[in-house]
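S.K.: Take the position in the sequence shown, starting the count at 1, then add 1146; the result is the number in the numbering used here.
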Amino acid sequence: IFRNVNIALVNELSMLCGRIGIDVWEVIEAASTKPYGFMPFYPGPGVGGHCIPINPFYLSWKAKEYGFRTRFIELAGEVNENMPYYIVQKIVDVLNNAQKSIKSSNILVLGVAYKKDINDVRMSPALKLIELLQEKGANVCYNDPYVPIINISGIILKSVLLKKHLFDKIDCVVITTDHSSYDYKWISENSKLILDTKNAMKGKSETVVKL
């Protein structure tokens, strides 16, 4: 519950920072200089796994038996569940700025595991993101060194190899899981446009748009 609520808070703040034009990652870095009482949480494309997206709502369900509504828990779930929709709109915006429509655009999603350096895709927000992009008419492929195959609404996708000729065709790269094995410098050098939802690139390239 604690993590779910705090991740939702920082996700909402990241959306506010985006509206204002402030770098949320710089805000978190500045807040981290506080010598005591600060615990950093980071925004992203949503929450996944067997725990955070599910377990808090057992308490919400039980609370209703006693006529009590756990509003923080429910609101946190709503914010986190809506993050893939926010990311899709962000992709639409960055493509529009590049004079591209999301329909028929080639989009590469990097990382589908729900967190870095594992092969677990349970409740991964990346899967929902891919589904939403496909509904928008985008041509979506993915790479994940830990997940060779995924099923999106009955459609099987296989992890593609990260080769130069692939990036030549890709209109937008979306980083959804910041696996340690990715060569982010090489990815940056070979990408036309990157939406980085995990700050994996640390914003070092003009082609990178942060969450």
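Backbone N, C-alpha and C define an ideal beta-carbon position, used for all residues, glycine too.
Would you call the CB atoms of L1254 and I1295 closer than 8 Å?
M.R.: On the sequence shown, residue 1254 is found 108 positions in, with the first residue counted as 1. On the sequence shown, residue 1295 is found 149 positions in, with the first residue counted as 1. Cβ atoms of L1254 and I1295: not closer than 8 Å.
S.K.: In chain order, which continuous runs of the beta strand (DSSP E) of length 3 or greater are located wholly inside the segment 1266 to 1325?
M.R.: Listed in chain order, they are 1285 to 1289, 1295 to 1298, 1301 to 1304, 1318 to 1321.
S.K.: Do the segment 1236 to 1251 and the segment 1274 to 1291 make contact, defined as three or more Cβ pairs closer than 8 Å?
M.R.: Result yes; three or more Cβ-Cβ pairs closer than 8 Å.
S.K.: Provide the residue(s) that pair with V1354 in DSSP beta bridges, ordered along the chain.
M.R.: Looking up residue 1354 in the sequence shown gives position 208. I1340.
S.K.: Counting C-beta neighbours from all protein chains within 10 Å, is the total for L1205 16 or more, i.e. buried, or is it exposed?
M.R.: Within the sequence shown, numbered from 1, the residue matching residue 1205 stands at position 59. Exposed is the call here.
S.K.: Taking 7 Å as the cut-off, is the C-beta of I1219 nearer than that to any heavy atom in the ligand GDP?
M.R.: The ligand GDP is not part of this structure, which contains no ligands at all.
S.K.: Per DSSP, I1253 is paired with what?
M.R.: Your numbering for residue 1253 matches position 107 in the sequence shown. Beta-bridge pairing links I1253 to V1286, C1318.
S.K.: Going by beta-carbon coordinates alone, are L1278 and T1323 separated by less than 8 Å?
M.R.: Working through the sequence shown from its first residue, we reach residue 1278 at position 132. Working through the sequence shown from its first residue, we reach residue 1323 at position 177. Cβ atoms of L1278 and T1323: not closer than 8 Å.
S.K.: Can you give me the Cβ contacts of Y1260 inside the same chain, cut-off strictly under 8 Å, excluding the 5 residues immediately before and after it?
M.R.: Locating residue 1260 in the sequence shown gives position 114, counting from the first residue. Cβ neighbours of Y1260 beyond the five flanking positions: V1193, G1194, G1195, D1266, V1267, R1268, M1269, S1270, P1271, A1272, T1323.
S.K.: Less than 8 Å separating the beta-carbons of P1202 and I1219?
M.R.: Position 56 of the sequence shown, counted from the start, is the residue given in the question as residue 1202. Position 73 of the sequence shown, counted from the start, is the residue given in the question as residue 1219. Contact: yes.
S.K.: Going by DSSP, what residue range makes up the alpha helix (DSSP H) through V1151?
M.R.: One-based indexing of the sequence shown puts residue 1151 at position 5. It spans 1148 to 1166 - the alpha helix (DSSP H) in which V1151 sits, taken as one unbroken run.
S.K.: Among the residues of its own chain, which have a CB less than 7 Å from the CB of V1156, if the five just before and after it don't count?
M.R.: By 1-based counting over the sequence shown, the position of residue 1156 is 10. Around V1156: F1187, Y1188, P1189.
S.K.: Take the Cβ of I1166 as the centre, count every other Cβ of all protein chains shown within 10 Å, and call the residue buried at 16 or more, exposed below.
M.R.: On the sequence shown, position 20 is the one that residue 1166 refers to. By the 10 Å Cβ count, I1166 comes out exposed.
S.K.: Measure the CB-CB distance between N1336 and F1313 and report whether it falls below 8 Å.
M.R.: In the sequence shown, counting from the first residue as 1, residue 1336 sits at position 190. In the sequence shown, counting from the first residue as 1, residue 1313 sits at position 167. Closer than 8 Å, so yes.
S.K.: Could you give the DSSP three-state label for K1208: helix, strand or coil?
M.R.: If you number the sequence shown from 1, residue 1208 lands on position 62. Here K1208 sits in helix by DSSP.
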